[in-house]
Amino acid sequence: YMAPEVLGGALNLRDCESALKQVDVYALGLLYWESFRRCSHLFPGETVPEYQLAFQAELGNHPTFEEMGILVAREKFRPRFPEAWKENSLALRSLKETMEDCWDQDAEARLTAQCAEERL
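Residue numbers (our numbering): 6 to 125.
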């Protein structure tokens, strides 16, 4: 789960530790999306969707680096939230906002890992 700055060749390694932490937080947001899509309590009265990788619906199971770069870095695409999550509960809004803040296109705007943990 490479961040847009990695896929776009714009990773700033002047502060390597900070840059790589921001890359990790991007990946964390995608892992949250994968994990929470499998939580039955987030799909009340519905069947939980089958397991799916982020971007699998758009690019299949084995996308190339170039395909990911186009989708994530150039088109700024992110995984779609399930229809069941359109409910306006505070918990769902907070969860979606946390994921979106983790996978922000701007690495500097992303949450810290500690902030993401605190929000959960």
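For glycine and all other residues, C-beta sits at the position ideal for the given N, C-alpha and C.
Which value, in whole angstroms, describes the spacing of the CA atoms of residue i and residue j?
{"i": "Glu10", "j": "Glu122", "result": "23 Å"}
{"i": "Gly14", "j": "Gly34", "result": "20 Å"}
{"i": "Thr52", "j": "Asp20", "result": "45 Å"}
{"i": "Lys26", "j": "Gln110", "result": "14 Å"}
{"i": "Glu80", "j": "His46", "result": "32 Å"}
{"i": "Ala78", "j": "Glu71", "result": "10 Å"}
Please look up how many angstroms separate the CB atoms of residue i and residue j, rounded, as I've assumed it's under 8 Å.
{"i": "Ser99", "j": "Arg124", "result": "7 Å"}
{"i": "Phe60", "j": "Pro84", "result": "7 Å"}
Less than 7 Å separating the beta-carbons of residue i and residue j?
{"i": "Tyr6", "j": "Trp108", "result": "no"}
{"i": "Met104", "j": "Leu12", "result": "no"}
{"i": "Leu36", "j": "Ala24", "result": "no"}
### Message
At 4 residues or longer, what runs of the alpha helix (DSSP H) sit wholly inside the stretch 10-68?
### Response
21-41, 61-64
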